[in-house]
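Heads up: the sequence shown is residues 1 to 304, going by UniProt numbering. Beta carbons are placed, not taken as given, at the ideal position from N, Cα and C, and that holds for glycine. Please read all numbers here as calculations on a predicted model, not as lab measurements.
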Amino acid sequence: MDFGRLSDLRYVDFRLPPDHPETAAVLARAQAAGPVAPRIYIGCPIWTNKAWLGSYFPAGIKDADYLHHYARQFNSIELNTTHYRIPDAPTVRKWRDAVPSSFRFCPKIPQSISHDRELYNADELTTTFCRSISGLEERLGLAFLQLPPTFGPEHLPRLERYLLDFPDYVPLAVELRHPAWYTNTTVRDSVFAMLEALGKTLVLTDVAGRRDVLHQRLTTPTAFIRFNGHGLIGSDYERATAWAERIAGWLQAGLQTVYFFIHQKDIMHSPLWAQFFIEKLHALTGLAIAPPQIIPQPVQGSLF
């Protein structure tokens, strides 16, 4: 994730901001509706991680087997491949059948909808996309609408119309990147309230160069978090601890589901960071989340 990435981190305040005032109300309403067993999904943006061969993946596996082995390390994926094309039905079935029923895909809305058309005249494409990914069945988590930095508050009516028409059988998360969504508090709170009213999850993005997108406003009892790390430096681990503490507090207050996606420039760092994060989260919540682990590799026999 290059959005908001900085080469110089010396002046970045990585502390999590306090919750938005409306977050507590969203969680309280969810809690009042009755207890729900919390679900935690953690993953990466891709599964074709060749650097994991011989460690987190068995050495020598075929490309077609990568997803199967990825799903033995993580229980979710931010599915970026759908950003570039709408998958056909056989591809979706292949993905679905490669993972256990507890796994969740979070497919990104195609850029032809979000970036090229900026939601304008996109109903047919959206319907095609939603019908396609519905083939994931129970393994479908949230679809993910990432709006470009050019899509600002002047397009709020278009966004509202698009979300009103979005097929209700596909749950949706929305990421807002234009700075103007956050600089004007009236605009900010209006779009937040709209997403809450429509039952759409607002994405939280923890990235060095854009702390405004880390607004800590939950619009549903689901948190969708995108974390951008920096090579396992000290602040990465401090942020892991802070996120574990924040999520533990949200779960106690009524949060039902967490999707947490890890972005590191070196893909070898993602499992290591996840292990630390999961350990902290388990210590605070008691939830059993299987961390990624290096797997034993077969040893070639030798002759003497």
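Closest Cα partner of residue i within the set the options
i	options	result
A244	Q275, H230 and S101	Q275
E196	S102, A223 and H68	A223
T127	Y162, T183 and F74	Y162
T48	T285, I267 and P296	I267
T285	Q252, P271, L67 and H263	Q252
R239	H282, V258, F74 and F277	F277
L140	D212, P107, D116 and M1	P107
D65	Y11, K94, P38 and P90	K94
Three-state secondary structure assigned by DSSP to residue i
i	result
S302	Any reading at S302 needs caution, since the residue's pLDDT is 49, under 50, leaving its predicted position unreliable; the model's value is listed next. Reduced to three states, the DSSP call for S302 is coil.
L255	coil
Y56	coil
L147	coil
F129	helix
P18	coil
F260	strand
L142	coil
D123	helix
D116	helix
Y70	helix
P111	One point to set straight first is that residue 111 is Gln, not Pro, in the sequence displayed. Looking at Q111 - three-state DSSP - the assignment turns out to be helix.
Range covered by the alpha helix (DSSP H) that runs through residue i
i	result
Q31	P21 to A32
residue 348	Here the chain comprises residues numbered 1 to 304, so residue 348 is not present and cannot be evaluated.
A64	No alpha helix (DSSP H) contains A64, which DSSP labels as neither H nor E.
K94	A89 to A98
Residue range of the unbroken beta strand (DSSP E) whose run includes residue i
i	result
D10	Residue 10 is actually Arg in this sequence, not Asp. No beta strand (DSSP E) holds R10; DSSP gives it neither H nor E.
I40	R39 to C44
S76	S76 to L79
F105	R104 to P107
Whether residue i touches residue j by CB criterion (8 Å)
i	j	result
P221	L27	yes
residue 379	E175	With the chain covering 1 to 304 only, the question about residue 379 has no answer from this structure.
F14	S235	yes
Complete runs of the beta strand (DSSP E) confined to the region 154-210 [at least 3 residues]: Segments of the beta strand (DSSP E) lying fully in the region 154-210: 172-175 and 201-206.
Minimum length 4: unbroken alpha helix (DSSP H) runs contained in the region 210-256: Counting only runs of 4 or more, we get 234-253.
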